[in-house]
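Visitor:
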């Protein structure tokens with residue numbers, strides 16, 4: 001299990017490189033990723049037979065290429081993510097399949113790609129079984145099961161239970177088997193994911209539910225997936241999950257099923273946040289320091305158009321000031337440039353503004369937002385006609401631009417004035 005290291009409130013370097021120099025060279029707002037940190041988190045999960053990266057967390061081609069080279073397979077939840085996986089060097093097919101398409105529905109582009117490349121499908125709705133059967137009869141497929149309960153750090157990240165749209169309801173297995181039989185398809189795998197922030201009470205329930213579902217499907221099952229949701233600590237008091245204990249619970253489930261079916265099952269895990277969150281930093285420049293009653297505001301040039309997690313979930317991100325010397329701390333509110341009252345990085349779920357103790361800072365200095373590698377850039381928008389930020393990856397002490405900053409011409413490409 002990784003050891004938790006508190007995030008400092010003063011940070012002048014990332015991966016041995018100067019924050020100020022990175023900002024000067026590449027501009028701000030800027031996402032910076034440490035390749036070495038991603039590799040460390042991959043190594044944590046080496047006991048699993050298959051590590052399948054949930055690329056929705058961070059789908060930059062450089063990240064996908066890095067995890068591919070480390071032997072990690074990939075999950076795609078859209079046609080665009082399938083195309084990204086192919087562009088990063090993943091190949092269709094394979095045993096286990098290099099690319100799995102996981103969704104609750106097919107749009108037309110997605111099912112066309114599945115047919116064209118013979119992609120393995122992890123179906124989250126019974127209708128998907130019929131639709132796959134029409135275009136690819138005789139296929140093997142996996143089912144994503146909703147066990148009837150869920151868990152998440154926010155209701156918006158809870159992916160199980162009757163209020164969730166995700167997965168096939170647990171008592172519809174017989175119907176799914178009949179649908180698959182109509183098209184000569186076999187259900188070879190099961191996937192069960194109930195949300196982010198795994199704890200062992202919920203995990204043991206998931207293992208039990210998946211085991212019962214697998215026994216109902218029968219010995220066509222050759223793999224089970226533990227899903228994702230592995231937590232990382234964003235702040236003091238939070239911890240990593242005990243990976244060895246996590247694996248042992250799933251391994252015991254896998255072994256019982258292997259014995260029941262008379263053949264060994266492959267055990268997959270599907271991390272997203274766990275691999276990339278801590279590797280990522282969002283760099284911003286302080287552009288105004290202002291007093292509003294009892295609140296001191298640090299206003300920076302990054303907003304929720306760059307990092308939406310605080311406004312969406314009230315998510316906490318650690319922060320630091322890139323100050324060369326120690327300074328006294330002061331309680332501050334950190335906000336962005338957008339014409340929107342919710343453009344606050346220090347807020348709690350429900351939109352309640354909170355303060356953070358940070359070093360005294362001046363206009364022109366830099367703020368570092370940590371644990372920003374997951375669900376950061378991928379959720380970016382052009383709200384207020386703001387361009388997408390640049391992305392940089394640090395590899396062996398060298399910075400590499402892995403996405404150029406969006407230009408105004410990029411921003412309006414495809415728009416036309418009606419005359």
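Residue numbers (full-length UniProt numbering): 1 to 419.
Beta carbons: idealized from backbone N, C-alpha and C, even for Gly.
#1: Let me confirm a value: residue 105 is counted as buried when at least 16 other C-beta atoms fall within 10 Å, else exposed. Which label applies?
#2: According to DSSP, is residue 290 part of a helix, a strand, or is it coil?
#3: With DSSP as the reference, label residue 144 as helix, strand or coil.
#4: Mind checking who residue 31 pairs with in its DSSP beta bridge?
#5: Can you list, in chain order, the stretches of the beta strand (DSSP E) that have 3 or more residues and sit fully within the region 332–386?
#6: Along the chain, where does the alpha helix (DSSP H) that runs through residue 311 open and close?
#7: When the Cα atoms are used, what is the spatial distance from residue 84 to residue 28?
#8: Please report the distance separating the alpha-carbon of residue 152 from that of residue 330.
#9: Could you compute how far the alpha carbon of residue 399 sits from the alpha carbon of residue 390?
#10: Identify every run of the beta strand (DSSP E) within the region 62–111, keeping only runs that are complete inside it and at least 3 residues long; order them along the chain.
#11: In whole angstroms, give me the CA-to-CA distance for residue 173 and residue 225.
#12: Measure the Cβ-Cβ separation of residue 395 and residue 35 and say whether it is below 7 Å.
#13: Please confirm whether residue 284 and residue 367 have their CB atoms less than 7 Å apart.
#14: Should residue 168 and residue 145 be called a contact, given that it needs their Cβ atoms to be closer than 7 Å?
#15: Does residue 129 come out as helix, strand or coil in the three-state DSSP assignment?
#16: Beta-carbon within less than 6 Å of residue 252's beta-carbon, same chain only, minus the 5 sequence neighbours each way: which residues are those?
#17: Can you tell which of 201, 332, 413 and 417 has its C-alpha closest to the C-alpha of residue 293?
#18: Quick one, are the C-beta atoms of residue 52 and residue 268 less than 7 Å apart?
#19: Within 10 angstroms of its Cβ, does residue 43 collect 16 or more other Cβ (buried), or is it exposed?
#20: Find out if the Cβ-Cβ distance for the pair residue 278, residue 371 is shorter than 7 Å.
#21: Kindly indicate the opening and closing residues of the beta strand (DSSP E) around residue 413.
#22: If you draw a straight line from the C-alpha of residue 420 to the C-alpha of residue 243, how long is it?
#23: Taking Cβ to Cβ, would you say residue 228 is nearer than 7 Å to residue 376?
#24: Near residue 88, which residues of its chain fall below 7 Å by C-beta distance, leaving aside the five closest residues on each side in sequence?
#25: According to DSSP, simplified to helix, strand and coil, what is residue 159?
#26: Which residues in the same chain as residue 415 place their Cβ atom closer than 6 Å to its Cβ, once the five residues preceding and following it in sequence are excluded?
#27: So the candidates are 271, 256 and 100; which of them puts its Cα closest to the Cα of residue 265?
#28: Name the DSSP bridge partner or partners of residue 187?
#29: Measuring straight from C-alpha to C-alpha, what distance separates residue 291 and residue 190?
#30: In three-state terms, what does DSSP make of residue 296?
#31: So for residue 241, helix, strand or coil by DSSP?
#32: Quick one: what's got a C-beta closer than 6 Å to residue 258's C-beta in the same chain, skipping five residues either side?
#33: Please name the residue or residues paired with residue 263 in a DSSP beta bridge.
#34: Report yes if the C-beta distance between residue 207 and residue 249 is below 7 Å; otherwise report no.
#35: Would you decide whether residue 159 is buried or exposed? Buried here means 16 or more other CB atoms lie within 10 Å of its CB.
#36: Give me the Cα-Cα distance between residue 91 and residue 98, rounded to the nearest whole angstrom.
Guide: Working from what's here:
#1: exposed
#2: strand
#3: strand
#4: 282 and 391
#5: 356–359 and 366–369
#6: 309–313
#7: 25 Å
#8: Residue confidence for residue 152 is low, a pLDDT of 46 falling below 50, so the modelled location carries little weight; the figure read from the coordinates is stated next. Straight-line Cα distance between these residues: approximately 32 Å.
#9: 12 Å
#10: 73–76 and 99–103
#11: 17 Å
#12: yes
#13: yes
#14: yes
#15: helix
#16: none
#17: 332
#18: yes
#19: exposed
#20: yes
#21: No beta strand (DSSP E) holds residue 413; DSSP gives it neither H nor E.
#22: Residue numbering for the chain in the displayed model covers 1 to 419; residue 420 lies beyond these limits and cannot be assessed.
#23: no
#24: 61, 64, 65 and 68
#25: With a pLDDT of 47 at residue 159, under the threshold of 50, the predicted position of this residue should be treated as unreliable, though the coordinate-derived value follows. The answer is coil: DSSP assigns residue 159 none of H, G, I, E or B.
#26: none
#27: 256
#28: 141
#29: 55 Å
#30: strand
#31: coil
#32: 264 and 265
#33: Residue 263 is not bridged to any residue.
#34: yes
#35: Legend: pLDDT at residue 159 = 47, less than 50; position of this residue unreliable, no value from coordinates given.
#36: 6 Å
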